[in-house]
Amino acid sequence: MPVYKDPERGTYFFKTRYKDVFGQRKQKLKRGFKKKSEAKLAEAEFLASVKDAFTDNVTFDEVFEHNISYKTYKEKTIRRRRNEYIKHIQPIFGNMKLKDINVQQVIAFKNQLEQHFESLNSARTVYSNFKVLINHAVKFFNLKVDPTLKVEPIKRTKPKIAFIKREEFDLRVEKLNCNLYKEMTILIFYTGLRVGEALALKWKNVHLSENQLYVDSTLDNKRHLGPPKTPASEGFVPYPKFVAKMLERIKKESEEKIYGFNEEFFVFGGLTPYHYSHYNKKYKEAFPELRVHDLRHSYAAHLINKGTDIYLVKELMRHENISETADTYGHLYSERKQMAMSAFD
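Going by my numbering, the sequence shown opens with residue 29, and the numbers climb by one from there.
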């Protein structure tokens, strides 16, 4: 083991190469030892700690960082996972070594999440991500005992979905008279777009002659452009003729008012997209009891009430599979069973 004497200071230091927990080659240098034996001992202790890097002697913080770097998460997912970790998991487990985490602590953590969140599904998401890190530790850090195995998971609850009828929507949306917020809200309601998809929409993806638009990106609440929620989310979305006329009007006004207007401009915002937070604040003045996402649900409900086949609803909603559509809106089809029986009357 290389230990050297510093001729200028008369002290000893060690310099050694090693691999960190991410497999990256690094060099460690530490000075200031009065005796050569002290430098050798310090180097041995350091190398022992490095050897422990892939054992259950590491902290939960180290497991999290390894998981984030190992997995190919989207940038948006990394920000969300990191914020979630810092807020809910790190204060309890961050500095703890893996081997010290026990079943009782996991149960207490689970109970705390259930009490903290109004929605059990939100608590379930955090707890599930905690389990992801534990599984990662089992796979990569030789964690011998999984403390979550004896703990009942937080059960998924079916979220309550709010709807608004078309007639009521058409009346209340008139209250939105700031910027093009009214027009954007109309587009969301009559296409089922997610709000991030509407904010990210550029004129190059609006095909006015075909009465359809193309979704290929989304904007998160940090105003970062990224790919849509799922691969199935990317695709063409049709819209009714009166929405086409609305978009034609917006484009004509934009061409007249915005210097250097081109197809790369955002439909809602121009050179830069609108801020979600400001839009949502104004939206809530007109629809205080409805999330923006509930307009997407209302779009689906309207299609179903008009007798649209569930497979076509799945395509229009751009769901990945039919079970997602059935799980979310199946009860609306159940309500139509008696109506279907009228065919025999």
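Positions of the beta carbon are idealized from the N, C-alpha and C atoms, including for glycine. Predicted model only: the values in this text are computed from it and were never measured.
query                                                                                                            : result
C-beta contact flag for K43 and Q55 at 8 Å                                                                       : yes
Distance CB(E112)-CB(V154) smaller than 8 Å                                                                      : yes
Buried/exposed call for G25, threshold 16 Cβ in 10 Å                                                             : Lying before the first or after the last residue shown, residue 25 is absent from the chain, which here runs from 29 to 373.
Between the CA atoms of E211 and E317 - distance to the nearest angstrom                                         : 20 Å
Bridge-paired residues (DSSP) for E263                                                                           : Correcting the residue type first, residue 263 is Gly in the shown sequence and not Glu. Per DSSP, V243.
Beta-carbon proximity of Y40 to A72, cut-off 8 Å                                                                 : no
Residues near K62 by beta carbon distance below 8 Å, same chain, minus five either side                          : T39, Y40
Short Cβ contact (8 Å threshold) for K1 with T176                                                                : Absent from the model: residue 1. The displayed extent of the chain is 29 to 373, so no value can be given.
Presumed contact (8 Å Cβ cut-off) between L221 and V265, rounded CB distance                                     : 7 Å
Spatial distance of P230 from S245 (CA atoms)                                                                    : Per the sequence presented here, residue 230 reads as Lys, with Pro not at that position. Their backbone Cα atoms lie some 10 Å apart in a straight line.
Whole-angstrom distance between D89 and N123, CA atom to CA atom                                                 : 6 Å
Cα-Cα separation between N163 and K178, rounded to whole angstroms                                               : 14 Å
Reduced DSSP secondary structure (H/G/I, E/B, other) of V223                                                     : helix
Same chain, Cβ closer than 6 Å to I189, neighbours up to 5 away in sequence not counted                          : H325
Alpha-carbon spacing of K172 relative to I129, whole angstroms                                                   : 12 Å
Start and end residues, alpha helix (DSSP H) containing Y32                                                      : No alpha helix (DSSP H) holds Y32; the beta strand (DSSP E) holding it covers 31-34.
DSSP three-state assignment for F41, whether helix, strand or coil                                               : strand
Short Cβ contact (8 Å threshold) for T353 with M345                                                              : yes
Residue(s) in a DSSP beta bridge with F61                                                                        : Y40
Environment of L208 [buried if 16+ CB atoms lie within 10 Å]                                                     : buried
Beta-carbon spacing of R152, I182 below 8 Å                                                                      : yes
Y46 in three-state terms, based on DSSP                                                                          : strand
Close-in-space but distant-in-sequence residues of the same chain around F158 (CB under 6 Å, 5 per side omitted) : I117
Nearest-angstrom Cα separation, counted from K58 out to V166                                                     : 33 Å
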